[in-house]
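Protein chains in written order, with the working numbering: chain A, 49 to 397; chain B, 2 to 294. The structure appears below as C-alpha cells.
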C-alpha cells in the first residue's frame with residue numbers, strides 16, 4: 049500500500065482495479081496518459097488519493113456525470129452549467145448562480161480547480177470531504193432540486209451507465225459511493241498549474257513583464273499573500289475581508305459553526321484564474337478586479353470579526369496607489385492558465 | 002419448549018448474581034462453581050431448552066413503538082396537543098439509533114459492532130431492529146446513541162452503507178448536504194399554531210460536534226441513552242430471541258425540560274438551535290416490557 053501511495057503521488061495513475069494493489073496493465077481500467085499529476089511547485093495534495101484511485105475509466109465516468117443534466121430534477125441543468133470551463137469552471141456572468149427553473153441561488157459559484165489541495169469546500173466550508181460535495185447541488189432546491197436516490201435510479205435504468213460503472217469499479221452496480229467517487233476523480237483532474245506565473249516560477253523559459261514582477265512583489269508587501277498564501281493562493285482559512293453588509297447578511301462560516309466569532313467570515317478563495325472567474329466575492333458583488341482592489345484600498349468596512357490584517361495601525365484597508373493597484377492586477381492576470389481553460393480532455397465530447 | 006424462558010440454570014444465575022455485590026469473593030467462587038455445575042447438569046439434560054452456551058450467540062430485537070403522549074402515533078391524521086397547549090398532527094418521525102450496547106447481569110458490556118439503524122414511523126419494518134450474533138446471556142440493560150457518532154459522520158463515502166447511505170433517503174432526507182452531517186432526529190407535522198407557510202413545523206436535529214483546523218467545535222447533540230430492562234432480563238439463547246419493547250413518546254421531545262411552541266419555534270434546522278429539543282428527547286425512550294420468546 050505504501051508503495052502504491054508513493055506511485056500515486058509521483059506519477060499518479062497506474063491501472064488499479066478496485067482491491068488489487070499493484071500496478072499492472074492488463075485490466076479494463078487501463079490508462080495511457082496520467083490524468084492527475086502533482087505540479088512541481090505545488091505542495092502534497094490533501095485529498096486521500098489512496099482511498100479513491102484515479103483511473104481513466106473513473107475519470108471518464110465522472111466527466112459524463114458532470115455534464116449530464118439528468119442529475120437535475122427536470123433534466124434541465126448539469127454541473128457544467130454552473131461550472132463552465134472557459135471561466136475556470138464558474139458560472140459566467142452570474143453574481144449568484146441560477147439553477148433549475150432559473151431560481152436564484154444565494155452565492156457566487158466557485159471555480160472547480162486544484163480541489164485535491166482543498167480541505168474544505170464551499171464559501172463557508174460546510175463540507176469537509178470532496179466526495180460529499182455533489183450531494184449539496186443535487187439536493188438544493190435552488191440548484192438541481194433532485195434527490196440523490198432518484199439520480200442513482202435514473203443511472204441504473206440507463207443503457208450505458210452500468211457499463212461505465214463496471215469499467216470504473218469492476219461491476220455494474222451503481223452505488224452512492226461509486227457515483228460520488230467518480231465525480232471526484234474527474235474533478236481532481238482539473239488541475240490548473242500552467243499559467244505564465246507557474247512557468248515563470250518553475251523556470252520553464254517564461255518571463256514576466258516589469259509591471260507583473262512589481263505586482264508580484266506588491267502582492268507580498270501589501271499583505272495580500274498573508275491570506276492568499278502559497279502556490280494555491282489561499283491559506284484555506286475563513287476570514288472577513290471587510291465587505292460591507294449592504295448587500296445582504298450572509299453569515300458565512302458562522303452559519304456552519306453557529307459561533308459568533310465566525311460570523312461574516314468566508315473561505316479565502318484561491319486567486320488562480322481570477323482574471324476569468326468574475327464576478328468576485330461570495331455574493332459576486334464586484335464585476336472587475338479594479339473594483340476588488342478599490343475595495344481593499346478604500347472600501348474595507350469595520351464589520352464584526354473584520355480580520356485584523358485589514359486594520360493595521362488603526363487604518364482600515366490596504367493603502368495602494370493607482371499604479372500599485374494596476375501592477376497587482378497585472379500580476380493576478382499572470383495566474384490565468386490558458387491550457388487549463390482550453391484543455392479538450394476536460395469536456396464531454 | 003414453552004418452559005424454556007424459565008430455564009433452571011439461568012434462573013439460578015439471575016437470583017444469585019443479583020445479590021453478588023453484597024457477598025464475598027469466596028462465596029462468589031463457590032457460587033460460580035455451583036452455577037457451572039448446575040449449568041452443566043441442566044445443559045446435559047436439556048440442551049435445546051434454555052441453557053447458555055458460553056460460546057454461542059443468538060438474537061435480540063429492539064422494538065420501537067412510537068407514541069404521542071398516551072396515544073399510539075398515527076401519521077397525518079391523529080390530533081395531539083403539546084405542553085404549550087397547541088394542537089398538531091405528525092407527518093414524519095424518524096431517528097437514528099446507533100452504537101447499541103447490551104449489559105449482562107454481571108455488568109459485562111457487549112457492544113454491537115457497526116450498529117447503525119434508522120427508525121422511521123412510516124416504514125413498519127424499520128421499527129424492529131433485529132440484532133444478531135449476540136453472545137448468549139441474560140441482559141439487564143440496553144444503551145444506544147441517538148444519532149450518528151463523529152467518526153462515522155466523517156467516514157469515507159465507501160463506509161457509509163445501509164442506514165448511512167446518503168443516497169438511500171429519497172425525499173425523506175436524513176442528511177444535511179450543506180453542513181455535512183446526518184439528521185439525528187426528524188419530527189415534522191402541521192399545527193394551526195405554526196407561523197410558517199402550510200402551518201408546518203419541522204424539527205431537524207443534528208450536530209456531531211465536528212471541529213476544523215483547531216477552530217471552535219460545532220454543537221454536539223449526540224446523546225447516549227441507557228435503559229434498564231427492569232425485572233425481566235432479556236435472555237438471549239440459541240432458541241430464544243428476546244424482544245425489548247420500547248415506547249418512544251414523541252411528545253416528550255416537545256415538552257418536559259423545555260416547552261417547544263410551534264408558534265415561536267416552527268422550525269429548527271441547525272445544531273445549536275436544536276439543544277432545547279435534544280434536552281427533551283433524551284427522555285422519550287422507556288422500556289415497556291421484555292418478552293423472551
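Ideal placement from N, C-alpha and C gives every residue a C-beta, glycine not left out. These numbers come from a predicted model, not from an experiment.
Taking residue 249 of chain A as the centre and dropping the five residues before and after it, the same chain places the C-beta of 89 closer than 6 Å to its C-beta, in chain order. With its beta carbon less than 8 Å from one in chain B, residue 174 of chain A belongs to the interface.
Between residue 229 of chain A and residue 394 of chain A, the CB-CB gap reaches or exceeds 8 Å. For residue 90 of chain A, there is no enclosing alpha helix (DSSP H), as DSSP gives it neither H nor E. Along the stretch 206 to 239 of chain A, going in chain order, the ones with a CB nearer than 8 Å to a CB of chain B are 223, 224, 225, 227, 228, 229. The straight-line gap separating the alpha-carbon atoms of residue 61 of chain B and residue 96 of chain B is approximately 20 Å. Residue environment analysis places residue 289 of chain B among the exposed positions, since fewer than 16 neighbouring C-beta atoms fall within 10 angstroms of its C-beta.
Residue 326 of chain A places its beta carbon 8 Å or farther from that of residue 320 of chain A. The beta-carbon separation of residue 172 of chain A and residue 376 of chain A, rounded to 27 Å, does not stay under the 8 Å limit for a contact. As a beta-bridge residue in DSSP terms, residue 136 of chain B pairs with B:58. Within the stretch 170 to 202 of chain B, the residues whose Cβ lies closer than 9 Å to some Cβ of chain A are 170, 171, 172, 174, 176, 177, 178, 179, 180, 181, listed in chain order.
With 16 or more other Cβ atoms from the protein chains shown falling within 10 Å of its own Cβ, residue 388 of chain A counts as buried. One thing to note: residue 285 of chain B has its Cβ no nearer than 8 Å to the Cβ of residue 235 of chain B. Here residue 157 of chain A carries a coil assignment [DSSP, helix/strand/coil]. The three-state secondary structure of residue 120 of chain A, taken from DSSP, is coil. Residues of chain B with a Cβ closer than 8 Å to the Cβ of residue 277 of chain A do not exist; the shortest Cβ-Cβ separation is about 14 Å. In the same chain as residue 176 of chain A, and ignoring 5 residues on each side of it, the C-beta atoms closer than 8 Å to its own belong to 167, 168, 169, in chain order. For the stretch 156 to 168 of chain A, the set of positions with a beta-carbon nearer than 9 Å to some beta-carbon of chain B reads 167, 168 in chain order.
Between residue 220 of chain A and residue 213 of chain A, the C-beta gap is smaller than 8 Å, which places the two residues in contact.
Assigned with DSSP and collapsed to three states, residue 271 of chain A falls in coil, not helix or strand.
Considering only beta carbons, the part of the stretch 293 to 326 of chain A lying closer than 8 Å to chain B consists of 303, 304, 305, 306, 307, 309, 310, in chain order. If you draw a 10 Å sphere on the C-beta of residue 281 of chain B, you find 16 or more other C-beta atoms in it, and that means buried.
Per DSSP, residue 295 of chain A lies in no beta strand (DSSP E) and is assigned neither H nor E. Here the alpha carbon of residue 233 of chain B sits roughly 47 Å from the alpha carbon of residue 184 of chain A. Proximity to residue 330 of chain A across A:225, A:278, A:295, A:96 peaks at A:295, based on C-alpha coordinates.
Sequence-distant partners of residue 57 of chain B (beyond 5 residues in either direction) whose C-beta falls short of 7 Å from its own C-beta, in its chain, are 137, 239. Counting the other CB atoms within 10 Å of its CB gives residue 211 of chain B a total of 16 or more, which places it among the buried residues.
Against chain B, a Cβ distance below 8 Å from residue 179 of chain A picks out 157, 158. Look at residue 229 of chain A here: in three-state DSSP terms it is helix.
Judged by DSSP in its simplified three-state form, residue 199 of chain B adopts helix. Taken through DSSP and simplified to helix, strand or coil, residue 222 of chain A comes out as coil. Judged by DSSP secondary structure, residue 95 of chain A falls outside any alpha helix (DSSP H); it is assigned neither H nor E. When DSSP states are grouped into helix, strand and coil, residue 313 of chain A belongs to the strand group.
Listed as beta-bridge partners of residue 160 of chain B by DSSP are no residues whatsoever.
In the DSSP secondary-structure assignment, residue 177 of chain B is bridged to B:182. For the set A:98, A:307, A:105, A:268, the Cα lying nearest the Cα of residue 218 of chain A is the one of A:105.
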